[in-house]
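Student:
4 protein chains.
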Amino acid sequence: MNPIKIGVAGLGRLGLIHADNIYHTKHVELTAVSNLDKQVNKEVQEKYSIPYSYTSYEAMIENDELDAVCIVTPSGFHTDHIQKALDRGLHVFCEKPIGLNTEDIKKVIQTIEESDLVFHLGFMRRYDEDYVFAKQMIDRGEIGDISIIRSYGIDPIAGLDSFVEFAKQSPSGGIYLDMSVHDIDVIRWFTEAEVKKVWATGNNKAAPELNALNEVEIGTATLQLDNDVTAFLVAGRTASHGYHVETEVIGTKGMIRIAATPDKNKVTVFNEHGTVRPTSQNFPERFKEAYINEIKEFIDCIRDERQPSVTALDGLRGTEVAAACQHSFEKDELVEITY
Amino acid sequence: MNPIKIGVAGLGRLGLIHADNIYHTKHVELTAVSNLDKQVNKEVQEKYSIPYSYTSYEAMIENDELDAVCIVTPSGFHTDHIQKALDRGLHVFCEKPIGLNTEDIKKVIQTIEESDLVFHLGFMRRYDEDYVFAKQMIDRGEIGDISIIRSYGIDPIAGLDSFVEFAKQSPSGGIYLDMSVHDIDVIRWFTEAEVKKVWATGNNKAAPELNALNEVEIGTATLQLDNDVTAFLVAGRTASHGYHVETEVIGTKGMIRIAATPDKNKVTVFNEHGTVRPTSQNFPERFKEAYINEIKEFIDCIRDERQPSVTALDGLRGTEVAAACQHSFEKDELVEITY
Amino acid sequence: MNPIKIGVAGLGRLGLIHADNIYHTKHVELTAVSNLDKQVNKEVQEKYSIPYSYTSYEAMIENDELDAVCIVTPSGFHTDHIQKALDRGLHVFCEKPIGLNTEDIKKVIQTIEESDLVFHLGFMRRYDEDYVFAKQMIDRGEIGDISIIRSYGIDPIAGLDSFVEFAKQSPSGGIYLDMSVHDIDVIRWFTEAEVKKVWATGNNKAAPELNALNEVEIGTATLQLDNDVTAFLVAGRTASHGYHVETEVIGTKGMIRIAATPDKNKVTVFNEHGTVRPTSQNFPERFKEAYINEIKEFIDCIRDERQPSVTALDGLRGTEVAAACQHSFEKDELVEITY
Amino acid sequence: MNPIKIGVAGLGRLGLIHADNIYHTKHVELTAVSNLDKQVNKEVQEKYSIPYSYTSYEAMIENDELDAVCIVTPSGFHTDHIQKALDRGLHVFCEKPIGLNTEDIKKVIQTIEESDLVFHLGFMRRYDEDYVFAKQMIDRGEIGDISIIRSYGIDPIAGLDSFVEFAKQSPSGGIYLDMSVHDIDVIRWFTEAEVKKVWATGNNKAAPELNALNEVEIGTATLQLDNDVTAFLVAGRTASHGYHVETEVIGTKGMIRIAATPDKNKVTVFNEHGTVRPTSQNFPERFKEAYINEIKEFIDCIRDERQPSVTALDGLRGTEVAAACQHSFEKDELVEITY
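Chains as they are written, first to last, in full-length UniProt numbering: chain A, 1 to 339; chain B, 1 to 339; chain C, 1 to 339; chain D, 1 to 339.
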C-alpha cells in the first residue's frame, strides 16, 4: 500500500498534535510542514524525519509529492488555504472553524462540491467515543425526542495568559467563534435541526484585562432550534479545576450527560480535601483519542474515495450561529438567524 | 413552656406533610385543621388526636386557642388567607407562592410590615442543608463572584397524571409560577441581585395532553440579573429517573453543584444496567429534612419574636419573575422586568 | 398520652447526643441524667430543664419516676448497669458493645429473657436508611446469594489525639471491640449467619504512639462464615479525608455499596483540587438520623410492648467475634470460633 | 528505520488483539503468525497482509526474518515457548502468567539473564494510565506509607459459558493463577514488597457447574506482606454489571481508588433505573490502551537495547503467590511462602 503523503500547515499547539498523530499513523507519511518559525520547523523536521519544510503555505502546496494537507493555520486564513489546496488537487483536513466570513465559506463549499477531493473539518467531538456513544443512544431513540441540550466548553485558567498574548496579536473572532462552534456543532449533530434564534450574554469578572481586547471571559447563549429544542451554551476561559467540556441532552424519555465532571482518569483520591477526582487540564489530554480518530477517518476517506459525515456545510452553519451569538451579545438583544 | 397552637389549612399532599411535622415538633400542638373533605379531616384528626377540625378556613381562624396557621391551600387563595390570619392576630406560615397577583401580594406585605406577627414563606430550599452549605461557601467567597447559575426542577413522570387531574380543576398559574419560583428564589438568595430580563421557551413533546390545558411539560428560562449574572432554569414534569432538583453556581474562582445527580441515598448498585444510583422520587423524599427545619424555624421565630430571613418581599419578587417568564414564553420574546 | 420518662447515664460525646435526641422526641421526658462531672450535669440539666441529676448511676435508677434508662457509660460497665436497671424494672437502651466479657453478657441475656422489659442495643446502623435500603434489597433477593462482604469503619485523623487520651485512661478493648463490632453486626444482620474463622492483621504506621498503649491504628480481619460467605473488615483511626464507613455486599446476581465515598452532603465542588466531594467528619454527622431513629424505635417498643429486632444475643455474638479478631491479631494465626 | 519483524504465537482472543496492535504500530511488521486453526490463520493473514503463517510454533520461530515473538499460547506452554525463542535469538513478549511451574520459570529466568535479548511479560496494568498515575502518586509519597491494598478482578457473567468450555479442555491453573496474578503483580509493584502469608477462600454459588471442573466462581485471598501491608483480593467470573477491575490503596496519609466503578466511558444516563453509568464489559475494552502501550514499550526496549521494568522475576513471584493462594484455598488453612 502506497503511503498517503500529508503536509501540515501551522505548527502551533494543535498543529504539533496533528503532526504527531499523522506521523504515528501507519501507511501515512508526514511529508512536509509549513510554518513561519524556522527553528520550530527544524526541530519538528528532525524529530519525525520529515522530508520537506517550508516557511510559506503556498510554497508547501507546490510540492508535487503531497496527496493532502492538514490546515492548522490561524482561523482567518482557513478559507484561503482550503481554496488553494483544492485548486492544487489536494485532499484537505482543516481545523475548525472553517472560516470567519460566510461568503468565503460558501465559495469554498462550491469548490468542494465540484471536486472529488476529500474535505474534512476538524470537529473532533464527532470522533470522541463518549460523544459517539451518546449520539448512538439518541439515534436509537433511547431518550425519546430531544427537548433541551446544554453544552459547556470552559478552558482552564492556566491557559488565560497565553490566550491574552494570542488575542493581542490576532483577533480570536470572539468567544463564540473561537470556542462555542464545537458546542454548536454538537447541538446540530445531535438534533439534526437548525438554530433560529439566539440570545447571548457574557462578562469579564474573572479577567478584566480582556475588556481592552474586546473579548469576554465567560459567555452564555440560549439557542432556539427549528424543531423546538432549546439549547444553552457556556463558553469560558477561567475554570479553576481544569478543562470542562460537558454536554447534556434532555429527552422525553431520559437524559444523558457526557463528561458531567471532567475526570482526568479513573482514579479517585481520598485526602484532606475530601473525595477528589483529578480533572483533565486541556484539550490535547481530553480529546487525545478523538484527534487520532479523526485523522484515521480522513485517511480512510481518501483511500475509500468517500466524504466524511461532517461536512463543510456543518462548518458554515457553525460559523453563522456563532456569529449570531456574538452579534446578540454585542447588541444585548434576541437575534434571529436566516440562512 | 406553653405549647404553640397551630392550625393547618389544606390537607393535600403537602398539607399532610406539614401536619405531620407540626405534630412531631416538641412544645407545639397541632390544634386544628381545615379542609374541604370531611373524611380526610376525620382520619387526620384521629391519627394525631387533633382537638378541632373545620371544613372552612374562615371558621378555623375564629378559634381563639390558635397562635398560628400553616396555609397550604391552593395558590389562588394564599393572599386572602394570609390577610385574614394576620387580621385575626395569627402568626402565618404560608406555602409558596405567596400569591399569583402582585397587587394582592403588595397589600399583604404592607399588613405584615405594620404588624408584629411572624410571616414565614415556605421556600424550603433555604432550609435544606445542601443549599445552606453552598450558600455559606458563596458567602465566604470560596467560588469568587458569581457569573452563572443553572437550576433545574424536574418532576418525575410518575406524577404527570395527578398533575393533569389537578390542572383540569384549577390553573397552576403556569410552570414558572408553579415550579420555577423555587429556582428563582435560590438565584436571588445566592446572588442577592434582581432579575432584569428573561427569555423563556418550552414544549409539550412528552405530554401533548397538556396543550389543551394551556400548560407546558418542560420549560426553560434564561435570566439576566442586574449584577451581570446569567441564570438558566429548566422546569419539567416528565423526568423518567425521578425528582431532579439541581443547582449549579459558576463563580470566578470555582463551581458548585448541588445534587448534580438526584441520589436517593448513599447506596450504589452494580447490576445488569451498570453502576446505578437510585434516585429521589418526589419532593417529600428529597426535602424531608428541609420541611421539618422550616417549621422549627417558624416556631423559633414566634418564640424569639423575630422574623425569618426569607421575607414576603422574596415571595413578591419570585412571583414577578415567574410571571415575566410566563409572559416571555407566551409572546416568544425577551421581556424586561421593572419593579 | 403519658410521657415515657428516661434517664441518661453517661454524658460523654455520645451521651450528649442521646440526651438531645430524647429531649426532642415527643411524648418522652428526659427526666434524669447521671454523670461523674457535676459541671457538665449542671449545664445539661439547665439546657433541657431536666428534673433530676446524679453523680452516681445507682442513685439515678433509684428514682421511681423513671420508666427507662439509656446507658452510655464506658463499655466495661455495661453489663453491670444493664443488670441493675433490669432489676429495678426499667426498660434499657444500651450503647454498643453490650459488654466486654461473654460470661457477664450471658447472665444479662438470661435476665432479659426472663423479664418483660424492653432491651435495645445501640447498633445504630440497623436504623440508618442506607443500610436498611440495602438490607431490603438483599432480603428481596435482588443481588442473589451473598458471597462476599467488605466493611470499613475508619475514623478521621482529627480524632486521634482524643482517642490517645481516652486510651491512656481506660482500655478500649482493642480496635475490633471498639470499632469493628458495628461491621460484625452488619455482616451477621445481612447474612443471617455466624462467623466461624477469623484472621486479623494490623499496624501502627500512622500512629506509632499507639504501640505503647497496646492499640493498633489500622486493623483488618478476614472472616469466614458458616454459610460460605467471606467478609473483610478494616478498622482504622487515621483517615485523612473524614469518617469513612462503607459496606459492600457481593452477591451472585449483583453488588451493592453503601456509602462507597463518605460524602458529607449532595454538594460537588469544582476547584483547583479537581472535582471534590466534601466528606462526613464524624459519627454524629454521618449517623445523625440513625441515632434519632433508634431512640424512636426504643420508645415505640416500650409503648407497643414488643422487643426491637436487634437483640442482646446480637450483642453477645458481636463481642465474641471481635474478641476472636483481637486474639487472632495478637497471636498472628487463624482462630476458630465456637459458640 | 528498518521495521522490527514480529511473529505472533496463538490467535485466541488476546492473540488477535496483540496481532492487531502490532499491525498498527509504525516501523513494525507483523511478519508471521502461528496457530492451530488454519482457517483463522488464513483470515488473519489476509486481513493484515502477513507474509507467513504456521500451524506450529516451532516452525514459525525457524523463520530467519523474525526479530521477535509475541507468545499468546496456553499458559502451560509458556516456559517452553519462551525458552525456544530465546534459543533462536528472538526477543520475547509473553502473556501472563510466565508459567505454571516454578522450576521451569527459574530455568527461563537464567536463560534471560545470560542473554542480551529483551524479555517482556504482559502485566498490562503496569502500562495502564490509571495504574501508572496511582503508582506515581505512591512513589511521590502522596498517600504516605501503604497499610492496605484491595484489588478486584471480576469477569462479567457473559463470559462464563466460554470459560466453562475452555476449562473443560485445559485446566486454567485455578482462579488465582488465571486471574489474580494481575492483582498480585500490582500489589508487589505498588509496595515493592513480597507476600509472606496467605489465606484464601472461595465458592461456586453462582456457577455450581464449576464444581465438576474443580474451579471456583469467586475466590478471595488475604495476603500479608513482609513490610506489614495487608492485601485483600477478589477474583470472580460472574459479575452481572461488567468487567470489574478495581484497586484501592490505603496509606497513612490518604487513599486511592483506581476504577472504583468500572465505567465504560464518560457518559451518565438518567433513566427509569436511576442515575446509570454504563460499565466496561471485558478486558479488551478496559485495557485497550494498556495493550497498545506495552507493545510500544516492547518495541522501544528492542530498539534502545534495554529491558522493560517488569521482569521475569515478577512473573515468577506472581506464580508463586498465586500457587500459595490455590494451596490455601484447597487446604483451607493459612499458608506461608518461602522463596
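Think of the CB as a built atom: it goes at the ideal place given N, C-alpha and C, for glycine as much as any other residue.
Since this is a predicted model, take the numbers as computed values, not measurements.
#1: Roughly how many whole angstroms lie between the Cα atoms of V245 of chain B and S147 of chain A?
#2: For a quick check, are the C-beta atoms of R164 of chain A and V321 of chain A less than 8 Å apart?
#3: Here's a check: name, in chain order, each residue in its chain whose Cβ is nearer than 7 Å to the Cβ of G12 of chain A, leaving out the five neighbours to either side.
#4: Got a sec, what are the start and stop residues for the alpha helix (DSSP H) F133 of chain A sits in?
#5: Could you spell out where the beta strand (DSSP E) holding K196 of chain B opens and where it closes?
#6: Could you tell me which whole alpha helix (DSSP H) segments of length 4 or greater appear in the stretch 26–86 of chain D?
#7: With distance defined between alpha-carbon atoms, name the residue in A:E192, A:A212, A:A259 and A:M124 nearest to P308 of chain A.
#8: Tell me, please, which residues DSSP counts as bridged to C301 of chain B.
#9: Just mark Y339 of chain C as buried or exposed, buried being the case when its beta carbon has 16 or more other beta carbons within 10 Å.
#10: Would you say the stretch 260–271 of chain D touches the stretch 237–257 of chain A, given that touching needs at least three Cβ pairs under 8 Å?
#11: Have a look at A:T230, A:G242, A:V44 and A:G76 and flag the residue whose alpha-carbon is nearest the alpha-carbon of E95 of chain A.
#12: When you compare the stretch 47–66 of chain A with the stretch 79–93 of chain A, are there three or more beta-carbon pairs, one atom per stretch, that lie closer than 8 Å?
#13: Can you tell me the Cα-Cα spacing of residue 346 of chain C and I4 of chain D, whole angstroms?
#14: Does Q136 of chain D pass the burial test, meaning 16 or more other C-beta atoms within 10 Å, or should it be called exposed?
#15: Measure the alpha-carbon distance for V216 of chain C versus D155 of chain B and round it to whole angstroms.
#16: Give every residue of the same chain whose Cβ lies closer than 6 Å to the Cβ of H327 of chain C, excluding the five residues on either side of it in the sequence, and list them in chain order.
#17: Pull up the CB-CB distance for A68 of chain D and Y54 of chain D, whole angstroms please, since I reckon it's below 8 Å.
#18: Hey, would you say A312 of chain A sits closer than 8 Å to V108 of chain A, going by beta carbons?
#19: Considering only residues of the same chain and omitting the five flanking positions on each side of F287 of chain C, which have a CB-CB separation below 7 Å?
#20: List, in order along the chain, the chain B residues whose C-beta lies closer than 9 Å to that of I258 of chain C?
#21: Is the stretch 185–201 of chain D close to the stretch 274–287 of chain D, with three or more CB pairs under 8 Å?
#22: Within 8 Å of any Cβ in chain C, is that where the Cβ of L213 of chain D sits?
#23: Can you name the start and end residues of the alpha helix (DSSP H) that S172 of chain B belongs to?
#24: If the cut is a Cβ gap below 7 Å, which residues of chain A does D26 of chain D touch?
#25: With distances taken Cα to Cα, identify the nearest neighbour of A235 of chain A among A:D226, A:E248 and A:G202.
#26: Could you tell me the distance, in whole angstroms, from the CA atom of P208 of chain D to the CA atom of T252 of chain C?
#27: Could you give the distance in angstroms between the alpha-carbon of I143 of chain C and the alpha-carbon of D228 of chain A?
#28: Is there a Cβ from chain A that is less than 8 Å from the Cβ of M124 of chain D?
#29: N271 of chain B versus chain C: which residues are under 7 Å apart at the beta carbon?
#30: Run down chain B in chain order and give the residues with a C-beta less than 8 Å from the C-beta of A134 of chain C.
#31: How far does the alpha helix (DSSP H) with L11 of chain D in it reach, from first residue to last?
#32: Buried or exposed: which applies to S170 of chain A, given that a residue is buried once 16 or more other Cβ atoms fall within 10 Å of its Cβ?
#33: To the nearest angstrom, how far is the alpha carbon of F329 of chain A from that of W199 of chain A?
#34: Report the option in C:D314, C:L213 and C:K205 whose CA atom is closest to the CA atom of A239 of chain C.
#35: Which residue from B:E272, B:K331, B:R306 and B:G318 puts its Cα closest to that of S115 of chain B?
#36: Which same chain residues end up closer than 6 Å to Y48 of chain B when comparing Cβ atoms and leaving out the 5 residues on each side of it in sequence?
Tutor: Short version:
#1: Looking at the backbone, the Cα of V245 of chain B and that of S147 of chain A are separated by about 17 Å.
#2: It is worth fixing the name first, because residue 164 of chain A is Val in this sequence and not Arg. No; because the gap between Cβ atoms is not below 8 Å, this pair is not in contact.
#3: Cβ contact annotation for G12 of chain A (same chain, cutoff 7 Å, sequence separation greater than five): V72, in chain order.
#4: Looking at the DSSP string, the run of the alpha helix (DSSP H) that includes F133 of chain A is E129 to D139.
#5: Per DSSP, K196 of chain B belongs to the beta strand (DSSP E) from V195 to N203.
#6: Whole alpha helix (DSSP H) segments, 4+ residues: 38–48 and 57–60.
#7: Minimum Cα distance to P308 of chain A is reached at A:M124.
#8: As computed with DSSP, C301 of chain B is found in no beta bridge at all.
#9: By the neighbour-count rule (16 or more Cβ atoms within 10 Å), Y339 of chain C is not buried but exposed.
#10: Yes, the stretch 260–271 of chain D touches the stretch 237–257 of chain A.
#11: The shortest C-alpha separation from E95 of chain A is found at A:G76.
#12: Three or more Cβ pairs drawn from the stretch 47–66 of chain A and the stretch 79–93 of chain A lie within less than 8 Å of each other, which places the two stretches in contact.
#13: Residue 346 of chain C lies beyond the residue range present for chain C, which begins at 1 and ends at 339; the question has no answer from this structure.
#14: Answer is exposed; the Cβ neighbour count stays below 16.
#15: The alpha-carbon of V216 of chain C is positioned some 50 Å away from that of D155 of chain B.
#16: These residues qualify, in order along the chain: V335.
#17: With 8 Å as the limit, A68 of chain D and Y54 of chain D do not qualify as a contact, their Cβ atoms being about 16 Å apart.
#18: Yes, Cβ-Cβ distance for A312 of chain A and V108 of chain A is below 8 Å.
#19: When the five nearest sequence neighbours on each side are left out, the beta carbons in the same chain lying within less than 7 Å of the beta carbon of F287 of chain C are those of M124 and D128, in order along the chain.
#20: N265, K266, V267 and T268, listed in chain order.
#21: Flag = no, the stretch 185–201 of chain D and the stretch 274–287 of chain D do not touch.
#22: Not an interface residue.
#23: Counted as a single uninterrupted DSSP element, the stretch harbouring S172 of chain B is not any alpha helix (DSSP H), since DSSP gives it neither H nor E.
#24: In the sequence under discussion, the amino acid at residue 26 of chain D is Lys, which differs from the Asp named in the question. Residues of chain A with a Cβ closer than 7 Å to the Cβ of K26 of chain D are, in chain order, H24 and K26.
#25: Residue nearest to A235 of chain A within the set A:D226, A:E248 and A:G202 is A:G202 (criterion: CA-CA distance).
#26: The alpha-carbon separation between P208 of chain D and T252 of chain C amounts to approximately 11 Å.
#27: Between the alpha carbons of I143 of chain C and D228 of chain A lies a gap of roughly 43 Å.
#28: False, the Cβ-Cβ gap to chain A never drops below 8 Å.
#29: When 7 Å is used as the limit between beta carbons, N271 of chain B is near these residues of chain C: G254, in chain order.
#30: Neighbours of A134 of chain C on chain B, chain order: V267.
#31: Looking at the DSSP string, L11 of chain D is not in any alpha helix (DSSP H), and its letter there is neither H nor E.
#32: S170 of chain A should be labelled exposed.
#33: Their Cα atoms are separated by approximately 7 Å.
#34: Out of C:D314, C:L213 and C:K205, C:K205 has the C-alpha closest to the C-alpha of A239 of chain C.
#35: Comparing Cα-Cα distances from S115 of chain B to each of B:E272, B:K331, B:R306 and B:G318, the minimum goes to B:R306.
#36: So the list reads Y23 and L30, once near-sequence residues are dropped.
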